[in-house]
Structures are given as C-alpha cells and as structure tokens.
Amino acid sequence: MSLYTADPRVQRTRQGHPNTDGFGTDGGEVVPINNEIVLPDEPVTSLDPVRHSPLFSLGGIRHAIADSLIATSGFIRERMTGDYAVDDFGFDPHFAESVWFPAVRQVYQKWFRVEVTGMENVPAEGAALLVANHAGAIPVDAVICSVAVRDNHPNQRYLRPLAADMAFDTPVVSELARRIGATLACNDDAEALLRQGELTGVWPEGFKGIGKMYKDRYKLQRFGRGGFVTTAIRTQAPIIPVSIVGSEEIYPMIADLKPLARALGLPYFPVTPLFPWLGPLGMVPLPSKWHIHFGRPIDTTGYDVSAADDPMVVFDLTDHVREEIQQTLFRMLSRRGGVYLG
Numbered sequence: 042m043s044l045y046t047a048d049p050r051v052q053r054t055r056q057g058h059p060n061t062d063g064f065g066t067d068g069g070e071v072v073p074i075n076n077e078i079v080l081p082d083e084p085v086t087s088l089d090p091v092r093h094s095p096l097f098s099l100g101g102i103r104h105a106i107a108d109s110l111i112a113t114s115g116f117i118r119e120r121m122t123g124d125y126a127v128d129d130f131g132f133d134p135h136f137a138e139s140v141w142f143p144a145v146r147q148v149y150q151k152w153f154r155v156e157v158t159g160m161e162n163v164p165a166e167g168a169a170l171l172v173a174n175h176a177g178a179i180p181v182d183a184v185i186c187s188v189a190v191r192d193n194h195p196n197q198r199y200l201r202p203l204a205a206d207m208a209f210d211t212p213v214v215s216e217l218a219r220r221i222g223a224t225l226a227c228n229d230d231a232e233a234l235l236r237q238g239e240l241t242g243v244w245p246e247g248f249k250g251i252g253k254m255y256k257d258r259y260k261l262q263r264f265g266r267g268g269f270v271t272t273a274i275r276t277q278a279p280i281i282p283v284s285i286v287g288s289e290e291i292y293p294m295i296a297d298l299k300p301l302a303r304a305l306g307l308p309y310f311p312v313t314p315l316f317p318w319l320g321p322l323g324m325v326p327l328p329s330k331w332h333i334h335f336g337r338p339i340d341t342t343g344y345d346v347s348a349a350d351d352p353m354v355v356f357d358l359t360d361h362v363r364e365e366i367q368q369t370l371f372r373m374l375s376r377r378g379g380v381y382l383g
C-alpha cells in the first residue's frame, strides 16, 4: 500500500537550480510526487535579528563567551544539589538546557543565522520521525536541527537524534552525545523512543551523505535499506521530511584521502580549501546561511503493522520520503540568495 498515487497526467518537467552542479545544465527529469510542497514566500523571523555580515563582531564574541560562562557556572551550582534526572538513554535535560544549548545557540543564531519554516508540521505532542538530508563532512546538521526544534516549536520539544556507531565508540563524544539526547541509530532504540512519544531524528544517508564531494552537494545519496520506514510503520509514527540548505557549504569537501582514512579507521578523510592546510583553524566551519524546512507529515497509520516486513512497501515509502526531500531542496535552492552573505 502506498500513501500516494503517481498521476499519469502529470507531465515530466525539467527542474534545476543555479547553485548545484549537474542541475540546471542538463536539467535532469523529475516526476513530482507531491505538487503541493509549499514554501512560504517570506522567510520566518528568526529568534535574533539576522545579521547582514556572517562574522562575529568583537563585542559579539565577548557576549557569547560571557553567556556560556554564566550558564555553565549556574549549571555547576545547581548540579551540586543533585536535583536532576537522566532517562534510560542517558539524556540529561539539565545539562542540555544549562550548558549545551546556550553554547550551540550562539553558533546557530549568529554564525549560521538559521531560518526555520514549516514548524507547524511538527506535532504538538506525541511521536514523530523526522527524516533529513545529511551533509557537511562533520554531522553538525543534527545538532543544528535539535536547536531549531527546541527554539521554534510552540511547546519547545526536544529532538532525539539517532547517531552512528562511531559517535558512541569515541571517548568524550559518546558521553556528550548521550547527555544531549542522542542514541544509537538502530531499530530497537528508535522504536523505543517513538513508543515513548518522542520526536526522533534520523539522517538515512549516513556517511555517504556527510562524506560526499562538494561537486555532489544537494544530490541525495541512497537512503540505506529503509530501516527508518520499518520503524515508523511498526510504531505508527508520522514521518516528517526535513530539508536543510546551508550544511553543504560549511566544509566544502574537494578531496578524500582514502589511504589515510583507512589507516585512521575513518570512513573518509576530508580535504577542504582550509583543512588540513591551516591545521586546527581549518576546522572552523564556514559561515553559510542556513534554511531548515519541516515538511508535511506522511501518515503511516494506513499501513498494517505487518507491512513493515514487506520489502516493496518499505522501498516504496523510502523512495517517497527521499524524493519529497530532494524536490523541496530544489525549490529552496532556486529561491536562495548568497551562500555566505544571504
């Protein structure tokens, strides 16, 4: 069973955008799945006024550091009372609110200047599986999406990201990931979170997405085997397609040193215009302007739970979600201003 029906009357159209190699030149053919993908003409007002310059002023840097230090000192003071809770996955809301979000919010608001649209499509309560495109050499997009949901949802909900095994095999990163709400990207953990009514985030492109070359930016990679669809059907949770513009330009990857990556046990070793040439300074992300759009929910309650074991159903719905995100990215890119000064 499918949630959509391809209309034979819909003619193939050539769609392109000026900011992506390979589109707008040959104009690859695309069959729209949902012609009702709507993006508002006016950008949503951000929490802070959007700066015209992407660079921090000296005063802004001092203000950001001061805010982070105040939040951290308050966290330590409150922590000494022992009045805090951690859930079964290790999520520590007290740490997230007092230390993590205040620090990341400075980057979110003043460096990437994130604009958010479509938040009305995220449920006010109950479970939903947010599925997004993945990019950027380092999975910064998962962190930024978490802040976007927390700061823009009317009920200030938390997003629980599903992270790759490598995150939990890395010292320090593993503990931090658990504390801020992430858990392992496996069916068991995802299903448990959804059954608890959590907003759960998944980036199905995995390392193929964040490790792709800059010339392939905004061209979605394969969405794995559709494990996220299986989980959504079993829990009857709606799927929210999430389209992210801006993440591809923070670390423009121009080469992959595969021999070095294998020696270090990494899926890839990125070479960018600044890294590794400038050492640690080259790891500072470029200040691209971000736009995150939360699409209309895809209902899964029309499926029988047994459909989760039907490969054709899973493939069909996985492809549907992927194309929704891809075509929304096309529309967002066609309306985009400057990459760094927009």
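The sequence shown begins at 42 in this note's numbering and counts up one residue at a time. Where a beta carbon is used, it is the ideal one built from N, C-alpha and C, also for glycine. Predicted model only: the values in this text are computed from it and were never measured.
Spanning the alpha carbons of ASP206 and PRO245 requires a straight line of approximately 14 Å.
The C-beta of ASN193 has 16 or more other C-beta atoms within 10 Å across all chains shown, which makes the residue buried.
Counting only runs that start and end inside the stretch 185-230, the beta strand (DSSP E) elements of at least 3 residues fall at 200-204. The closest CA to that of PRO293, considering only MET324, CYS227, SER215, ALA183, is found on MET324. Taking a 10 Å sphere around the C-beta of GLN368, we find 16 or more other C-beta atoms and assign the residue as buried. Straight-line measurement puts the Cα of THR211 at about 35 Å from the Cα of THR341. The Cβ-Cβ distance between ILE295 and VAL312 falls below 8 Å.
Annotation: GLY343 to ARG275 spans about 11 Å, alpha carbon to alpha carbon. For ILE281, there is no enclosing alpha helix (DSSP H); the residue is part of the beta strand (DSSP E) that begins and ends at 280-286. Residue environment for ALA165: exposed (fewer than 16 other C-beta atoms within 10 angstroms of its C-beta). Comparing alpha-carbon positions, the option among ARG201, SER215, PHE316, ILE221 lying closest to ARG236 turns out to be ARG201. With at least 16 other beta carbons inside 10 angstroms of its own, ALA168 counts as buried. Pairing LEU327 with GLN150, the inter-Cα distance amounts to about 14 Å.
Judged by their CB atoms, LEU305 and GLY242 are not nearer to each other than the 8 Å cut-off.
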